[in-house]
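Numbering (this note's numbering), first residue to last: 51 to 405.
Every residue, glycine too, gets a C-beta built ideally from N, C-alpha and C.
Every value quoted in this text rests on a predicted model; they were computed, and no experiment measured them.
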């Protein structure tokens with residue numbers, strides 16, 4: 051087809067107005083094309099300082115690799131949780147369809163389970179000193195404990211079910227590789243410990259008795275010590291934050307329980323009472339764990355000396371990169387904050403395998 055014939059055809063089909071609008075159509079196409087290209091090369095998050103500074107995530111990666119790794123780790127965890135939830139939903143629909151039953155029929159976890167009296171008594175004895183049960187008799191809380199045990203059983207069945215289903219359906223959740231963690235050389239110190247000195251994994255905890263996140267993390271720390279037993283050595287180091295006005299004395303008092311061999315009982319009680327650490331109550335709690343109060347009072351009278359030891363712990367923590375509490379070093383690998391237990395077990399299992 052000749053150029054003249056082509057032009058005539060356009061004239062007949064669209065007229066002169068269309069030919070006049072062609073440059074504007076082309077310009078619109080270019081503008082629409084530029085946006086995704088520009089968006090591809092400019093990151094979602096960046097920082098501009100006046101006219102002289104433009105910074106991206108690459109600058110954080112270069113200048114603060116530990117913060118960058120933490121960002122990736124938290125992002126991975128969030129994506130894992132979302133994919134995990136989606137996997138459970140999809141597997142549940144598939145399994146229900148395969149069995150020809152409603153989805154709800156597969157999710158009645160804990161049905162038929164009734165805790166026996168011995169289980170209720172054991173749970174009461176385990177938790178009777180916790181704030182919710184303290185001072186109450188077994189008869190007063192029997193119904194609540196039974197409900198709690200049923201909920202625990204339902205949760206166990208739920209986890210077992212979805213674990214089994216994910217295995218049967220060959221489910222994988224794959225994310226980007228994290229850069230290798232930074233390993234800090236933690237020097238040995240004279241601090242309270244649980245576990246053998248020759249354990250393959252040593253976990254050093256920097257914590258603050260008045261820190262609410264530290265208190266919440268104790269559920270995880272106790273579960274880890276129960277799970278791994280003699281495979282790990284646990285070390286507690288003092289890190290009372292300046293803005294927690296009662297924390298320093300609580301840490302002084304805790305150190306005074308060491309010579310009497312009751313440090314860990316007192317440690318747990320101080321965390322449980324983290325919002326009530328006025329000096330008088332801290333001393334009262336010392337009596338509750340069975341300390342010799344004469345020896346204890348003589349020890350806390352030498353408060354300045356013990357403060358010096360606590361401040362040495364804090365300076366050491368800061369040199370290792372501790373900026374807040376709680377902070378844990380698993381064979382020198384930092385885990386910051388009140389994290390899920392999986393954040394710890396993943397590292398511990400890897401360390402046990404490789405050491």
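Test item: CB-CB of residue i and residue j under 7 Å
i: residue 321; j: residue 377; result: no
i: residue 312; j: residue 339; result: yes
i: residue 391; j: residue 201; result: no
i: residue 398; j: residue 251; result: yes
i: residue 364; j: residue 289; result: yes
i: residue 130; j: residue 224; result: no
i: residue 199; j: residue 169; result: yes
i: residue 456; j: residue 350; result: Lying outside 51 to 405, the shown extent of the chain, residue 456 is not represented and no answer is given.
i: residue 388; j: residue 267; result: yes
i: residue 195; j: residue 245; result: no
i: residue 142; j: residue 153; result: yes
i: residue 241; j: residue 287; result: yes
i: residue 368; j: residue 341; result: no
i: residue 150; j: residue 203; result: no
i: residue 323; j: residue 356; result: no
Among the options, the one whose alpha carbon lies nearest that of residue i
i: residue 253; options: 190, 261, 279 and 263; result: 279
i: residue 232; options: 360, 392, 391 and 118; result: 118
i: residue 353; options: 171, 215 and 300; result: 300
i: residue 385; options: 103, 123 and 108; result: 123
i: residue 235; options: 380, 402, 401 and 346; result: 380
i: residue 297; options: 275, 269 and 262; result: 262
i: residue 393; options: 247, 120 and 156; result: 120
i: residue 270; options: 358, 158, 142 and 395; result: 395
i: residue 361; options: 136, 255 and 292; result: 292
i: residue 163; options: 275, 152, 207 and 133; result: 207
i: residue 155; options: 211, 136, 333 and 176; result: 211
i: residue 226; options: 126, 105 and 115; result: 126
i: residue 370; options: 150, 256 and 334; result: 256
i: residue 193; options: 209, 173, 185 and 205; result: 173
i: residue 171; options: 183, 161 and 247; result: 183
i: residue 148; options: 215, 375 and 345; result: 215
i: residue 375; options: 404, 294 and 105; result: 294
i: residue 219; options: 105, 355 and 138; result: 138
i: residue 314; options: 275, 237 and 329; result: 275
i: residue 366; options: 238, 109, 186 and 165; result: 238
i: residue 401; options: 343, 249 and 98; result: 249
i: residue 110; options: 382, 102 and 95; result: 95
i: residue 205; options: 99, 190 and 157; result: 157
i: residue 30; options: 230, 344, 133 and 145; result: Lying before the first or after the last residue shown, residue 30 is absent from the chain, which here runs from 51 to 405.
i: residue 116; options: 404, 190 and 373; result: 373
i: residue 317; options: 112, 336, 190 and 346; result: 336
i: residue 177; options: 191, 167 and 165; result: 191
i: residue 165; options: 197, 144 and 140; result: 197
Terminal residues of the beta strand (DSSP E) in which residue i lies
i: residue 105; result: 103 to 106
Extent of the continuous alpha helix (DSSP H) to which residue i belongs
i: residue 397; result: 391 to 404
i: residue 236; result: That residue, residue 236, is in no alpha helix (DSSP H); it is neither H nor E in DSSP.
i: residue 363; result: 353 to 370
i: residue 249; result: Looking at the DSSP string, residue 249 is not in any alpha helix (DSSP H), and its letter there is neither H nor E.
Beta-ladder partner(s) of residue i, from DSSP
i: residue 255; result: 286 and 378
i: residue 384; result: 379
i: residue 244; result: 284
i: residue 130; result: None, per the DSSP bridge assignment.
i: residue 333; result: DSSP, once it has assigned bridges, lists no residue as partnering residue 333.
i: residue 97; result: 105
Any non-hydrogen atom of the ligand ZN within 6 Å of residue i CB
i: residue 230; result: The ligand content of the structure shown is nil, which means the ligand ZN is not present either.
Counting only runs of 4+ residues fully inside the stretch 147 to 230, write out the alpha helix (DSSP H) ranges in chain order. 153 to 156, 167 to 177 and 188 to 218
What are the complete beta strand (DSSP E) segments, minimum 3 residues, inside the stretch 263 to 326? 282 to 288
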